[in-house]
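In the working numbering, the protein residues as written are -19 to 346.
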């Protein structure tokens, strides 16, 4: 209505010089343009936070979006917020629109077109710090992840965002169906770096997978990793066996320990069970102290679950334990035995608990 009134008023104006007419037309055009901007802003309220790229990804129909992307000279160029169409489509979980952008990328490459921002497909977003790929993983967008895998010749599966965390580490940082799915899929990709570590904790993929109790994935990863990489320690000096002990899950031990013995040999496993953390805890100690480790402030005097795991591991390796190994296990138990409540709350054990553990060792040694 406003536009029509402006045009009608302009037609009815008489006796104005040509220069004034041109000025009037310019003013009218400016007003119409401003009106269109206002109307578009009302249609795309997310401009204030997501930028034009985010608005287009969420507000345009598929056909409109396809036409818009097709008309862009260079799809690598960001909007006023520094956000690319690729990142916007991925971060808003727009599957079809992401495919449209990626198809245009493939077409450009085939035609030899050189994008001004050559690394835009893997570049971190200036606001979130995530790459399009890591953003999809953080949000748990399975289908977006699958689309990126379809186009993986152009997607760097190991490119970290500004936080420095590798994509597979992002996936296995916490439990959840989507995280488990993405982690399992990434392990299957030959391009994935399986030896990366978390920049803050020093934990590797196996640390996180065992902590999440993803048994089948852990079993598969054990065979994929170089044996020299299996027992890499985190910043606290823990191998994944320390993590396995702290998880305090007998069934997990039953499924993983035989695999390790078969793969590495029992002597290497026995050696790793005696490996110590920075604060001097062996894997043996982590087994019988695991309830305390998981629940700070509890009194680790007697825990049936811990005892069952300890007994299972002893039985699994007892035929190959040397005298020095038996002595180390016993000395380790005695070193954690305390008679005061202060010692118990520091993570040590009472005499009754220690005696039970020693009894298990003594009987197995016969």
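Virtual Cβ for every residue (Gly too), placed ideally from N, Cα, C. Predicted model only: the values in this text are computed from it and were never measured.
- Residue 204 and residue 227 have their C-alpha atoms roughly 23 Å apart.
- Within the region 133 to 195, the complete alpha helix (DSSP H) segments at least 4 residues long are 147 to 152, 157 to 168 and 185 to 191, listed from N- to C-terminus.
- By the CB criterion at 8 Å, residue 232 and residue 224 fall inside the cutoff.
- The C-beta distance from residue 188 to residue 222 rounds to 13 Å, too long to meet the 8 Å contact threshold.
- In the three-state DSSP reduction, residue 340 falls in the helix class (H, G or I).
- Under DSSP, residue 329 takes part in a beta bridge, and its partners are 317.
- Within the same chain, and ignoring the five residues on either side of residue 300 in sequence, the residues whose Cβ sits closer than 7 Å to its Cβ are 246, 247 and 250.
- The Cβ-Cβ distance between residue 150 and residue 123 does not fall below 8 Å.
- The residue from 235, 201 and 237 with its alpha-carbon nearest to that of residue 173 is 201.
- The three-state reading of DSSP puts residue 131 in coil, since its state is none of H, G, I, E or B.
- In chain order, 42 place their CB closer than 7 Å to the CB of residue 76, counting only its own chain and leaving out the 5 sequence neighbours on each side.
- By the neighbour-count criterion, in which 16 or more other beta carbons inside 10 Å mark a residue as buried, residue 44 falls on the exposed side.
- Your pair residue 112 and residue 101 checks out as a contact, with CB atoms roughly 7 Å apart and the cut at 8 Å.
- Here the alpha carbon of residue 60 sits roughly 13 Å from the alpha carbon of residue 105.
- For residue 239, the CB contacts under 7 Å within the same chain, skipping 5 residues up- and downstream, are 199 and 202 in chain order.
- Sixteen is the threshold: when 16 or more other Cβ atoms of the shown chains lie within 10 Å of the Cβ of residue 218, as they do, the residue is buried.
- Check the Cα spacing between residue 265 and each of 316, 116 and 235: the tightest is with 316.
- Of the other Cβ atoms in all chains shown, 16 or more fall within 10 Å of the Cβ of residue 63; this residue is therefore buried.
- Across the structure, residue 211 and residue 252 are spaced so that their CA atoms are roughly 8 Å apart.
- In terms of CA proximity to residue 158, 192 leads the group 192, 269 and 262.
- Of the candidates 136, 342 and 140, 342 places its Cα closest to the Cα of residue 303.
- Counting the other Cβ atoms within 10 Å of the Cβ of residue 141 gives 16 or more, which makes it buried.
- For residue 112, the enclosing alpha helix (DSSP H) covers residues 112 to 119.
- For residue 90 and residue 83, the gap between their C-alpha atoms comes out near 11 Å.
- By the 16-neighbour rule on beta-carbons within 10 angstroms, residue 86 is exposed.
- Going by DSSP, residue 247 is part of the alpha helix (DSSP H) stretching over 246 to 253.
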